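K.L.:
Pasting a structure below so you can have a look.
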Amino acid sequence: MKVGRWLHTRFRVNDLDRSLYFYTQVLGLKEVSRSTSPRGSTLVFLQSSVGGEMLELCHYPTSGPVHVPADLI
19 MKVGRWLHTR FRVNDLDRSL YFYTQVLGLK EVSRSTSPRG STLVFLQSSV GGEMLELCHY
79 PTSGPVHVPA DLI
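Residues 19 to 91 in the working numbering are what the sequence shown lists, from first letter to last.
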């Protein structure tokens, strides 16, 4: 099966402000949408100026920190 279209990719983040700084100020993405999900997480959609695909940052502070295995760092 081949992918016909890629809409967005979600990253769950511990620190939304720090993540937004990186993706907007360092990588140059633009914030195009922000909302709160029914479960209380903050969802921020970012997009580059050249593509339609989006990056979604999901911040859900009450679920605890995101743990990344050492072999992925």
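Virtual Cβ for every residue (Gly too), placed ideally from N, Cα, C.
Nothing here was measured: the structure is a model prediction, and the numbers come from that model.
Measure the alpha-carbon distance for Asp35 versus Leu25 and round it to whole angstroms.
P.N.:
In the sequence shown, counting from the first residue as 1, residue 35 sits at position 17. In the sequence shown, counting from the first residue as 1, residue 25 sits at position 7. About 23 angstroms.
K.L.:
Exposed or buried, His77, counting other C-beta atoms within 10 Å across all chains shown (16 or more means buried)?
P.N.:
Here residue 77 is taken as the residue at index 59 of the sequence shown, counted from 1. Buried, because 16 or more other Cβ atoms sit within 10 Å of the Cβ of His77.
K.L.:
On the DSSP bridge list, what partners appear for Leu75?
P.N.:
Numbered from 1 along the sequence shown, position 57 holds the residue referred to as residue 75. DSSP output for Leu75 lists Phe29 and Val62 as bridge partner(s).
K.L.:
Whole angstroms is fine: what's the gap from Phe40's alpha carbon to Ser66's?
P.N.:
To locate residue 40, count along the sequence shown from 1; it is residue 22. To locate residue 66, count along the sequence shown from 1; it is residue 48. Looking at the two C-alpha atoms, the distance is approximately 13 angstroms.
K.L.:
What first and last residue would you give for the beta strand (DSSP E) that runs through Ser53?
P.N.:
Against the sequence shown, residue 53 aligns to sequence position 35. Unbroken beta strand (DSSP E) run through Ser53: Lys48 to Thr54.
K.L.:
Can you look up Arg23 in the DSSP assignment and give me helix, strand or coil?
P.N.:
Within the sequence shown, residue 23 is the residue found at index 5, counting from 1. In the structure shown, Arg23 sits in coil (DSSP, three-state: anything other than H, G, I, E or B).
K.L.:
In the DSSP assignment, find the unbroken alpha helix (DSSP H) run with Arg36 in it and report its ends.
P.N.:
The residue given as residue 36 occupies position 18 in the sequence shown. Here the alpha helix (DSSP H) through Arg36 covers Leu34 to Tyr39.
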